[in-house]
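Enquirer:
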Ligand code: NAD
């Protein structure tokens, strides 16, 4: 018996990426799965793959930012499987990264609508059905970007920060209905293998090794945590946020070659030198650069 046997789970944005891994994992643990996604073609293909896995599933096409679509999804779940026990608010988008002076109100509004208003609407309509069944679980997929930032990400970071606040607000409001509400904040998750069609990840050694856990995250990592939180084993957990990032936020610095080149520029005061080192590392010519540096040092000494 799976931990979610007899449960009904809605996964928004479940056609591709992290949401798809969550849908497969919840299905494998015995839940009936409702995949809700704006991408109809990907949604139909995900449904086929879920059924191939042996899961009981349906696909509902729609936009999380449309209250009509949200109501239709909750109704479809109830008609197909008798109700809703688990809601995973996973669908999310970013805005094009650009300086705040160039960001548009339209871009801001769309990110907030999908990443924050969508989860609010889904929570509102799914919780009504959960309450009638005597309880349920809502898992909001936020991001470590709710807690720390790279430049030029205001709409995304603000939407995810809002989602953390929505999580504790809902946890308190819905507690009398025995509905638990939690947030999961992933760090860097490589989703290529969960796209449609699946792609090969293009990751470097630096990408992996800068993580205290020694590797970039996978959708399966997030899915395993969501399955636990959705199960009765997590019955004493509500209102809180789980960071799943291989240790990056406690390390407090995301390293990439641009950051290293920036640090080298700071050290030497010479951006051209930093760029040359960066190019030498990328081209594998580090040995020659070291030999040239030793020769220069010998000459200088
Ligand atoms: P993805 O783009 O691979 O998949 C997102 C899915 O959501 C797609 O199937 C897409 O069609 C669907 N979707 C987008 N807008 C929608 C809408 N308006 N209505 C319904 N469905 C919609 O993204 P992902 O990387 O798998 O991210 C999933 C969630 O995890 C997002 O909330 C994202 O912010 C969060 N997250 C991702 C990472 C990461 O590194 N991948 C890190 C932190 C947080």
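Residue numbers (our numbering): 86 to 386. Using N, Cα and C, we set each Cβ at its ideal position, and we do this for glycine too.
Under a Cβ-count criterion, where at least 16 other Cβ atoms within 10 Å of its own Cβ denotes burial, should residue 355 be classed as buried or exposed?
Expert: exposed
Enquirer: If we count the other Cβ atoms within 10 Å of its Cβ and call it buried at 16 or more, is residue 316 buried or exposed?
Expert: Per the 10 Å Cβ criterion, buried.
Enquirer: Which partner residues of residue 146 appear in the DSSP bridge assignment?
Expert: 122
Enquirer: How would you label residue 194, buried or exposed, when you count the other beta carbons within 10 angstroms and need 16 or more for buried?
Expert: With fewer than 16 other Cβ atoms from the protein chains shown falling within 10 Å of its own Cβ, residue 194 counts as exposed.
Enquirer: Does the region 131 to 142 come into contact with the region 178 to 194, if we say contact requires no fewer than three beta-carbon pairs (one atom in each stretch) closer than 8 Å?
Expert: no
Enquirer: For residue 94, tell me which candidate among 277, 331 and 112 has the shortest Cα-Cα distance.
Expert: Relative to residue 94, the option among 277, 331 and 112 whose CA is nearest is 112.
Enquirer: Can you tell me whether residue 353 is helix, strand or coil according to DSSP?
Expert: helix
Enquirer: List the endpoints of the continuous alpha helix (DSSP H) containing residue 163.
Expert: 152 to 166
Enquirer: Could you say which of 106, 229 and 263 lies nearest to residue 331 if we only look at CA atoms?
Expert: 229
Enquirer: Which ranges does the beta strand (DSSP E) cover as unbroken runs of at least 3 residues, wholly within the region 259 to 299, from first to last along the chain?
Expert: Counting whole runs of 3 or more residues, the region 259 to 299 contains the beta strand (DSSP E) stretches 264 to 271.
Enquirer: Please check the pair residue 118 and residue 145, which I expect to be a contact at CB under 8 Å, by giving their CB distance rounded to whole angstroms.
Expert: So it is not a contact: roughly 11 Å between Cβ atoms.
Enquirer: Specify whether the region 278 to 287 and the region 97 to 111 touch according to this definition: at least 3 beta carbon pairs, one from each stretch, less than 8 Å apart.
Expert: yes
Enquirer: Does the Cβ-Cβ distance between residue 174 and residue 207 come in under 8 Å?
Expert: yes
Enquirer: Given this structure, state the Cα-to-Cα distance separating residue 89 from residue 114, to the nearest angstrom.
Expert: Pairing residue 89 with residue 114, the inter-Cα distance amounts to about 5 Å.
Enquirer: Just curious, the alpha helix (DSSP H) that residue 334 is in, first and last residue?
Expert: 333 to 336
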